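Shown next, in structure tokens, is the structure this report addresses.
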Amino acid sequence: MNMDILKASVACVRRSFHGSAPKVALVLGSGWSAPLDQGRTLGEMDYDAIPCLGAPGVEGHRGRLFWREIDGREHLVFEGRRHWYEGQGWEPTVFPAFLAADLGCSTLMTTCAAGAIRESLNPGDLVVVEDHINAMGGNPLAGPPCPELGPRFPDQARVYAPDLREILIEETARLGATAYRGVYAAVAGPTYETPAEVRALRTLGADIVGMSMVPEAMLANARGLRVAGLATVANKAGESGGHENVLKAMQRVRPLMQGVLSGFLKRLS
Ligand code: HPA
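The opening position of the sequence shown corresponds to residue 628 in this note's numbering, with each subsequent residue numbered one higher.
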């Protein structure tokens with residue numbers, strides 16, 4: 628990991644968001660950007676003004692960082708994310724968590740679109756991430772020991788905070804819907820899964836699969852943040868119908884996603 632670029636990027640955000648003291652960081656993944664329209668913007672910047680981020684190359688990822696006051700608390704809101712498969716290294720994938728930790732956030736809420744591995748899950752279902760399987764073939768925390776990345780051997784017994792998981796379940800129920808619990812398998816992408824890979828991931832114990840979330844969750848956990856992960860099932864794994872279809876599926880459940888996020892943020896203390 629290139630620590631110089633991560634630190635320079637934090638300094639760049641600090642200069643723009645002078646005096647910020649966020650407590651919660653929110654990463655809005657594929658199809659999640661539009662749901663967040665609550666709160667008051669205190670500052671904003673394009674990803675390509677931040678050295679280690681750069682503009683996202685994926686449709687559905689806006690590439691803008693907001694400093695927002697929501698329900699009386701300051702938040703960092705990442706609209707869009709960078710992915711490992713974009714080929715820029717691990718730095719852009721972990722920067723949201725790195726920045727959140729450096730600016731003093733205690734919670735990282737991360738969202739994404741995913742493919743369903745568990746047969747009973749369907750497009751439009753919300754899944755609260757209870758645990759993950761890192762099947763990306765690499766780990767952003769590998770490399771020389773570095774205190775800014777957490778301990779040498781971070782414990783991962785409880786990456787996703789149980790109380791935050793319950794809040795997500797309750798807030799979804801309050802809106803008359805169901806949030807399922809599941810294990811998220813992160814793959815490198817950019818290819819979707821073959822039928823054999825879907826079977827293999829099912830055998831491994833995965834309920835959903837995606838190409839994100841896990842790098843930032845691992846770093847946030849290593850830095851001691853409480854992490855919550857929420858995925859929207861966009862397709863059955865192995866039958867994505869392409870990225871356009873994934874985004875369309877997400878659009879249909881936007882009001883629910885928006886309601887759950889908004890309720891979740893209100894409940895954080
Ligand atoms: N596989 C991997 N990532 C995804 C999928 C999928 O089926 N759908 C949305 N993101």
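Backbone N, C-alpha and C define an ideal beta-carbon position, used for all residues, glycine too. Owing to the predicted nature of the structure, the values given are computational and were not obtained by experimental measurement.
Which residues DSSP lists as bridging residue i, in chain order
i      : result
Arg691 : Asp673 and Glu706
Leu857 : Thr738 and Val755
Arg700 : Ile697
Thr668 : Arg695
Cβ neighbours of residue i in the same chain (closer than 6 Å, five flanking residues each side left out)
i      : result
Arg689 : Ser660, Glu706 and Gly707
Arg779 : Pro772
Ala740 : Ser657, Gly658, Thr859, Ala861, Val873 and Met877
Val887 : Glu798 and Thr799
Met736 : Leu653 and Ala855
Gly816 : Tyr712 and Met838
Through-space distance from residue j to residue i, alpha-carbon basis
i      : j      : result
Arg970 : Thr738 : As displayed, the chain neither begins before 628 nor continues past 896, which places residue 970 out of reach and without an answer.
Leu895 : Ser733 : 10 Å
Leu726 : Val637 : 6 Å
Met628 : Met845 : 14 Å
Val825 : Met763 : 15 Å
Ala861 : Trp711 : 20 Å
Ala648 : Arg667 : 15 Å
Val873 : Ala864 : 11 Å
Ala724 : Thr799 : 25 Å
Arg853 : Thr821 : 34 Å
Val651 : Ser747 : 32 Å
Ser643 : Glu757 : 35 Å
For residue i, the three-state DSSP class (helix, strand or coil)
i      : result
Cys739 : strand
Ala682 : coil
Asn629 : coil
Val887 : helix
Val866 : Reading off the sequence shown, one finds Glu at residue 866, where the question assumed Val. Glu866 falls in the coil class under three-state DSSP.
Val836 : strand
Gly640 : A small fix is needed here, since residue 640 is Val in this sequence, not Gly. In this structure, Val640 counts as helix in the three-state DSSP scheme.
Val841 : helix
Ala876 : helix
Asp652 : Note that residue 652 corresponds to Ala in the displayed sequence, not to Asp. Reduced to three states, the DSSP call for Ala652 is strand.
Arg850 : coil
Leu795 : helix
Leu892 : helix
Beta-carbon contacts of residue i that lie in its chain and below 7 Å, excluding the five residues immediately before and after
i      : result
Glu793 : none
Ala788 : Arg853, Val854 and Ala855
Asp698 : Leu892 and Lys893
Sequence-distant residues of the same chain with beta carbon closer than 8 Å to residue i, five excluded per side
i      : result
Gly681 : Tyr674, Asp675, Arg709, Gln715 and Pro719
Asn635 : The question names Asn, but residue 635 in the sequence shown is Ala. Cβ within range, chain order: Pro678 and Cys679.
Glu671 : Arg691, Leu692, Phe693 and Trp694
Counting only runs of 3+ residues fully inside the segment 803-830, write out the beta strand (DSSP E) ranges in chain order. 806-814
Length-filtered (4 minimum) alpha helix (DSSP H) runs lying within the segment 706-790: 718-729
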